[in-house]
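Enquirer: Input: one structure, supplied below.
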Amino acid sequence: SSIKDPEGRPHTNLVSVYENQGGGHLALAQNIFGGTAEQVSHQCLVVEDLDGDLDRDIVVSDGDVTLMVIENLGGLNFMEPRRVPAPGLQRYFSIAPLDLEGDGDIDVIGSSKANSTINIFINDGDGNLAADPAFRVNANLPETLLVDDFNSDSFPDFLTIDFSPLFLRPKGGFNLFTNDGAGKFSTTEPFYTASHDPLPRFLVSGDFDGDSDIDFAALDRYNGLLSVYLNRLVPQPPSADFNSDQKIDFLDLLEISKEWGSEVSGP
């Protein structure tokens, strides 16, 4: 490769940013090196505004054991990656953005097959992520993560693809974790795919049947089958926590009164 890093870091940990110059033409804007793993490359990344400056930053799964944040200073000018301290050996296979606390700051959730856990990294509002052990969730060799509001209660839930290494015939299933609104997640027994669709890899969500709740689709990694799963959960009532402080109190009534006060009655 002709791409050289002055610090000699391996190309397996390279993030490249391309600028859209219009008409669908993309041009390389910047190469960003980070991480030291020789054999394991970056697994995944998400692009979100972490620090509230209206520029989109990058969070990438490091090839070693943690996440890295690449801050966007604007004008396609990115800083050197900074590591996010991780709770032990993780090697995140999938990461996704969500606002866990309802404070308007983008947090990050990551799944680790190394120890069958899902960790959530809380954003302090300035783009600094820190793993919170209170939000650690156990799962069965979780791979891909998909975040959405599956039970229509306005709180972000998440779905995982779980890998079951059965003898000679591994299979993959799904595990749905629903959010109680206080950042606690509960789940039921995992459900598995049909025998002809054993190892799903990619997930996407959407309202596929037009009934106003969130369904999802999964693409199998081997046979190329795309399976659609329709949502049959009972929708939950919207939360009365209008000011998103995780409490229902008189302050929520003030928010309601503001909304009522903004209404214009007829003659």
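Here our numbering is used: position 92 in the sequence shown is 81, and no number is missing along the way.
The beta carbon of each residue, even a glycine, is placed where N, CA and C say it ideally should be.
Quick one: grab the DSSP three-state call for P131.
Expert: strand
Enquirer: Leaving out five residues before and five after P256 in sequence, what residues of the same chain have Cβ atoms less than 7 Å from its Cβ?
Expert: For P256, the pLDDT reaches just 45, beneath the cut-off of 50, and the residue's location in the model is therefore unreliable, although a value from the coordinates is still provided. So no residue of the chain qualifies.
Enquirer: For V58, is the classification buried or exposed, using 16 other Cβ atoms within 10 angstroms of its Cβ as the cut-off for buried?
Expert: buried
Enquirer: What are the partner residues of Y7, as DSSP defines its beta bridges?
Expert: Bridge partners of Y7: L17.
Enquirer: Within the region 59 to 117, note down every full beta strand (DSSP E) run reaching 3 residues or more, in order along the chain.
Expert: 71 to 73, 81 to 87, 96 to 101, 106 to 112
Enquirer: List the endpoints of the continuous beta strand (DSSP E) containing T176.
Expert: 174 to 176
Enquirer: Nearest-angstrom Cα distance between E90 and I203?
Expert: 21 Å
Enquirer: With C-beta atoms as the reference, is F37 less than 8 Å away from I95?
Expert: Sequence check: residue 37 is Glu here, not Phe. Yes, they are a contact pair.
Enquirer: Does the distance between the C-beta of F205 and the nearest non-hydrogen atom of the ligand COA fall short of 7 Å?
Expert: Of ligands this structure carries none, so the ligand COA is not represented either.
Enquirer: Given a threshold of 16 other Cβ atoms within 10 Å of its Cβ, counted over all protein chains shown, does S260 qualify as buried or as exposed?
Expert: Residue 260 is absent from the structure shown; the chain starts at -10 and stops at 256.
Enquirer: Which value, in whole angstroms, describes the spacing of the CA atoms of T176 and A18?
Expert: 43 Å
Enquirer: Leaving out five residues before and five after L34 in sequence, what residues of the same chain have Cβ atoms less than 8 Å from its Cβ?
Expert: Residues of the same chain with a CB within less than 8 Å of the CB of L34, apart from the 5 flanking positions on each side, are V4, I47, V48, V49, S50, I84 in chain order.
Enquirer: Using a Cβ-Cβ cutoff of less than 7 Å, which residues in the same chain neighbour G116 once the five nearest sequence positions on both sides are dropped?
Expert: Cβ neighbours of G116 within its own chain (closer than 7 Å, five residues either side excluded): L39, D40, D46, V58, E60.
Enquirer: Rounded to whole angstroms, what is the Cα-Cα separation between K102 and L214?
Expert: Their Cα atoms are separated by approximately 24 Å.
Enquirer: If we count the other Cβ atoms within 10 Å of its Cβ and call it buried at 16 or more, is I245 buried or exposed?
Expert: With a pLDDT of only 46 at I245, under 50, the local geometry of the prediction cannot be trusted, and no value is derived from it.
Enquirer: Pick helix, strand or coil for A171, following the three-state DSSP scheme.
Expert: coil
Enquirer: Compare the beta carbon distance of T55 and R71 with 8 Å and say whether it is the shorter of the two.
Expert: no
Enquirer: Measure the C-alpha to C-alpha separation of E216 and A207 and round it to an integer number of angstroms.
Expert: A quick correction: the sequence has Ser, not Glu, at residue 216. If I take the Cα positions, the gap works out to 5 Å.
Enquirer: Is it true that the CB of F152 sits closer than 8 Å to the CB of N168?
Expert: no
Enquirer: Tell me, to the nearest whole angstrom, how far the beta carbon of N129 is from that of P179; I am working on the premise that it is less than 8 Å.
Expert: 7 Å
Enquirer: Near F197, which residues of its chain fall below 6 Å by C-beta distance, leaving aside the five closest residues on each side in sequence?
Expert: D204, V217
Enquirer: Could you tell me how far apart the beta carbons of L134 and S100 are, in whole angstroms, since I believe they sit closer than 8 Å?
Expert: 5 Å
Enquirer: With DSSP as the reference, identify every bridge partner of P189, one or two as the case may be.
Expert: D209
Enquirer: By how many angstroms is the C-alpha of N104 removed from the C-alpha of F82?
Expert: Taken atom to atom, the span from the alpha-carbon of F82 to that of N104 is near 11 Å.
Enquirer: Alpha carbons only, please: which of L15, A16, P74 is nearest the one belonging to I109?
Expert: Comparing Cα positions, the closest option is P74.
Enquirer: Apart from the five residues on each side of it in sequence, which residues of its chain come closer than 8 Å, Cβ to Cβ, to Y7?
Expert: L15, A16, L17, A18
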